[in-house]
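Student: One structure, pasted below without further comment.
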Amino acid sequence: MEAMQYETRQTKAWVIVPMLVIFLVFATLPLWIKHVGLYEYLAVEVLIWIIFAMGFNLLLGYTGLPSFGHGAFFGIGAYAFGLAQFNVWPNLWFCLAAAAIVTALIGGISALLLSHRRGIYFALMSIAIGQIFYFIASKWTNVTGGEDGLLNIERLPVEFGIVSFATKPNMGLYYLAYALFVIITILLWRLTNSPYGRVLRAIKQNEMRVRFVGYSVWFYKWSVFTLSCAVAGLAGGLFAMAQEGAYINVMSLQWSGIIVLMVLIGGGFVSFWGPLLGVVLYFVARDVLGAYTGTWLLWFGLMFVILVMFKPEGLAGFWRDTLGRKFSGEGIGAASSRSAPADAAGG
Amino acid sequence: MAIFEAQDLHKRFGDQVVLERINLSFKRGCLSGIMGPNGAGKTTCFNVLTGRYRPDRGRVVFDGEDITGMSPQAIVRKGISRSFQIMNLFDEYTALENIVIALPHVRKRGLGVWHAIDADSEAQGQAAGILERVGLKGSEHVNAKAMSYGARRALEIGVALATGPKLLFVDEPTAGLGTDAMARLAELIHELKSTTTIVMIEHDMRFLFQLADHISVIHWGQVIAEGTPAQLRENAWVQRSNLGALA
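Line by line, the protein sequences are chains A and B.
Numbering that gives the first Met the number 0 applies: residue 0 is where the first sequence begins, and numbers increase by one.
Numbering that gives the first Met the number 0 applies: residue 0 is where the second sequence begins, and numbers increase by one.
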């Protein structure tokens, strides 16, 4: 499909103008979110899921690896955060690091099995691995709390030596999540604009050719899966704080499917910013549509079907092919996305 | 002196023997051809020699080193590269990007996250040089999938060349090409011969006999004849077969 591709030109920049605009929007979000009828906790949720989705898109959008069990790693991060807090050291940085590292380790072990697979076999195996962790979490009750989950996880304060601020109010937690969102976004942007990112995209296009120009495809798939799990674990740790508990439901197949849905609707296949758009759309739809009807997910699902039929590149693709070109001075019908600079197209 | 040798190679898929006691030797600086009818086992032979399939028995020796059973990426790093009969390009990348990613200099930076390939003037210059060499100057920024069939064939060879091979395997390079494109390809391969050892599978016998220094004939998974083009024209089996008539 002609348009199902990223802008392939790469930039040396660490920060670009669209990124600054997005950072500004999210920095001011708590100031105006109530004025549009929404609430602070929603903003916290959105940021956490954006972090998760952007890490997940390294796999799905950039490398073309359909991991359909990734919710398990988000859940593992939440449990790791809680267990580290209860059993080791109730310090925010330590617990967040534990969430990311433990999830990366478990993800790395899972990736040893997954990285030799591709396509449907990769997808099915990722579901199986996700389900294994789901059942471990549900049955290992003395560690995970089983169906009840890990309760009473504290929102630990952010401490920088003598300076600290509380995350118990949603506003405090929001700005912690925001800081991590900024860091993760910049790092992922840099990564996807590096030779490493170029190889990931090449693997998505033609895995065999990548092998025959001398790259260890297995290693790249293993490393990107592990990295994606580390980001999922970090997001999971934040989610445990937000919910003040770690629960099994996010590890279910349904939630693994929802993260795929978010990334695809947003346009993760064509833009670095696709996952962000998808997450915002999902949560706003949940709260706005959900206020009118209990069947909001049905309408959301229908929207997904229509999008796949008429604009499979998602919201980011819609932006790129209409508004983006208009702003960059091109006709809407311009033939190739190639002519838009990488910065403007957003990668 | 042989740069590459296959010794007593066997390969089977299930109960079907595809290669049986294959012995091949390719001399440094020469263009060696492999010919044979459809289904003879030529491409399987290439796949075994370049690491795509592991042989069930036998040895593959390159530059004095046993490379039997090594992965394709390890074999590429030793200095062997290949093009494919069914084209294997990065369709969403431009011609230049296809070449750049195959450069050893870029591959070594594969895990570096602080570089931007498009700002690497050394890599860009090298890649532009390779594109010029395969006749694709001016197509640097065209997407691979938007190129003509003949241009894609040339790019396929360009990608293989970009890895800096000492030995280049070329699988059916004329497949699907018209007369003009074949003439250009013959020129290109003739030019490559001066710097790189080449092994070529080819269906078009005139094309192969015109370029090759030495040819091996594979049939039913076995090498049934070998020699220079002149010797093979005298070979009884080749004369009896349709292959001889075409040459």
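Quick reminder that beta carbons are idealized off the backbone N, C-alpha and C, glycines included.
Run through DSSP, which three-state label would His104/B get?
Tutor: Helix.
Student: Taking only three categories from DSSP, how would you classify Leu149/A?
Tutor: Here Leu149/A sits in strand by DSSP.
Student: Taking Pro65/A as the query, report the chain B residues whose CB atoms sit under 9 Å from its CB, ordered along the chain.
Tutor: Ordered by position in chain B, no residue passes the 9 Å Cβ test against Pro65/A, which lies about 18 Å from the chain.
Student: With a cut-off of 8 Å on the beta carbons, I'd call Gly57/B and His9/B a contact; round off their distance for me.
Tutor: Rounded, the Cβ-Cβ distance is 6 Å, consistent with contact.
Student: Using 9 Å as the limit for Cβ to Cβ distance, is Thr173/B near chain A?
Tutor: Output row for Thr173/B: interface = no.
Student: Kindly indicate which residue of Leu322/A, Phe211/A, Asp147/A, Gly36/A has the alpha-carbon position closest to the one of Ile100/B.
Tutor: The option with the nearest alpha carbon to Ile100/B is Phe211/A.
Student: Along chain A, which residues have their Cβ under 9 Å away from the Cβ of Ala118/B?
Tutor: Ordered by position in chain A, the residues that pass the 9 Å Cβ test against Ala118/B are Gln9, Thr10, Lys11.
Student: Please list, in chain order, all residues of the same chain as Ser193/A whose beta carbon is under 8 Å from its beta carbon, the five residues on each side excluded.
Tutor: Answer for Ser193/A: Gln9, listed in chain order.
Student: Using only CA atoms, which one of Leu233/A, Gly107/A, Phe55/A, Leu186/A lies nearest to Ala96/A?
Tutor: Ala96/A has its Cα closest to that of Leu233/A, out of Leu233/A, Gly107/A, Phe55/A, Leu186/A.
Student: Our contact map puts Val222/B next to Leu23/B with C-beta atoms below 8 Å; I'd like the distance itself, whole angstroms only.
Tutor: Sure, about 7 Å apart at Cβ, within 8 Å.
Student: Is Lys41/B buried or exposed, if buried means 16 or more other CB atoms sit within 10 Å of its CB?
Tutor: Answer is buried; the Cβ neighbour count reaches 16.
Student: For Gly68/B, return the contacting residues in chain A, with the cut-off set at a CB-CB distance below 8 Å.
Tutor: By Cβ distance, chain A contributes nothing, its closest Cβ being about 15 Å from Gly68/B, past 8 Å.
Student: If we define contact as Cβ-Cβ less than 9 Å, is Ile129/B a contact residue for chain A?
Tutor: Chain A, which has no Cβ nearer than 9 Å to the Cβ of Ile129/B, makes this no.
Student: Kindly indicate the opening and closing residues of the beta strand (DSSP E) around Asp183/B.
Tutor: Residue 183/B is actually Arg in this sequence, not Asp. Taken as a continuous stretch (DSSP letters only), Arg183/B belongs to no beta strand (DSSP E), being part of the alpha helix (DSSP H) at 178 to 192.
Student: Kindly indicate if chain B contains any beta-carbon less than 9 Å away from that of Val209/A.
Tutor: Chain B contact via Cβ: present.
Student: Between Ala344/A and Lys11/A, what straight-line distance do the alpha-carbon atoms span, to the nearest angstrom?
Tutor: For Ala344/A, the predicted structure reports a pLDDT of 37, less than 50, and the residue's modelled location is therefore unreliable. A value from the coordinates is still provided. Ala344/A and Lys11/A: Cα-Cα distance of roughly 15 Å.
Student: DSSP on Met302/A, reduced to helix/strand/coil?
Tutor: DSSP places Met302/A in helix when its eight states are reduced to three.
Student: Would you mind working out which of Ala231/A, Leu111/A, Val287/A sits nearest Ala71/A, comparing C-alpha positions?
Tutor: Nearest of Ala231/A, Leu111/A, Val287/A to Ala71/A, Cα basis: Ala231/A.
Student: Strictly under 9 Å for the Cβ-Cβ distance: is Phe83/B near chain C by that measure?
Tutor: Here the protein chains are A and B, and chain C is not one of them.
Student: Is the CB of Ser215/A under 9 Å away from at least one CB in chain B?
Tutor: Chain B, which has a Cβ nearer than 9 Å to the Cβ of Ser215/A, makes this yes.
Student: Which residues of chain B have a Cβ atom closer than 8 Å to the Cβ of Asn192/A, listed in chain order?
Tutor: Simply Ala115.
Student: At the level of alpha carbons, what is the spacing between Arg239/B and Ser125/A?
Tutor: One C-alpha to the other measures close to 56 Å.
Student: Could you name the residues of chain A that Asp90/B contacts, counting a contact when the two beta carbons are closer than 8 Å?
Tutor: Here the neighbours are Gln204, Asn205.
Student: Let's test the definition: count the other Cβ atoms within 10 Å of the Cβ of Val14/A and tell me whether it reaches 16, buried, or not, exposed.
Tutor: Label assigned to Val14/A: exposed.
Student: Which term fits Arg179/B, buried or exposed, when burial requires 16 or more other beta carbons within 10 angstroms of its beta carbon?
Tutor: Per the sequence shown, residue 179/B should be read as Asp rather than Arg. It counts as exposed.
Student: Given that Val216/B touches chain A, what residues does it touch there, using C-beta distances under 8 Å?
Tutor: Within 8 Å Cβ-Cβ: nothing; Val216/B doesn't reach chain A, min ~26 Å.
Student: If you check the beta carbons only, do Ile247/A and Ala122/A fall under 9 Å apart?
Tutor: No, the pair does not count as a contact, with Cβ atoms beyond the cut-off.
Student: Leu210/B: beta carbon under 8 Å from a heavy atom of the ligand HEM?
Tutor: The ligand HEM is absent from the structure shown, which contains no ligand whatsoever.
Student: As a quick exercise: from Lys203/A, Ala284/A, Trp298/A, pick the residue whose alpha carbon is nearest that of Pro65/A.
Tutor: For the residues Lys203/A, Ala284/A, Trp298/A, the minimum Cα distance to Pro65/A belongs to Lys203/A.
Student: Compare the C-alpha of Met181/B against each of Arg205/B, Val141/B, Ala127/B and name the closest.
Tutor: It is Arg205/B.
Student: Considering only the beta carbon of each residue, do Val16/B and Gly149/B sit closer than 9 Å?
Tutor: No. Outside cutoff.
Student: By Cβ distance below 7 Å, which residues in the same chain neighbour Leu226/A in space, the five residues on each side in sequence not counted?
Tutor: Cβ neighbours of Leu226/A beyond the five flanking positions: Leu57.
Student: Quick one: what does DSSP say Ile163/B is sitting in, helix, strand or coil?
Tutor: Correcting the residue type first, residue 163/B is Gly in the shown sequence and not Ile. In this structure, Gly163/B counts as coil in the three-state DSSP scheme.
Student: Quick one, which residues of the region 165 to 198 of chain A are near chain B if we go by CB-CB under 9 Å, in chain order?
Tutor: Result list: Leu186, Arg189, Leu190, Asn192, Ser193, Pro194, Tyr195, Gly196, Arg197, Val198.
Student: So, at 7 Å on beta carbons, what are the nonlocal neighbours of Leu135/B in its own chain, with the 5 sequence-adjacent residues on each side left out?
Tutor: Only Ala94, Ala150, Ala153, Leu154, Gly157 meet the Cβ criterion.
Student: Quick one: grab the DSSP three-state call for Leu110/B.
Tutor: The answer is coil: DSSP assigns Leu110/B none of H, G, I, E or B.
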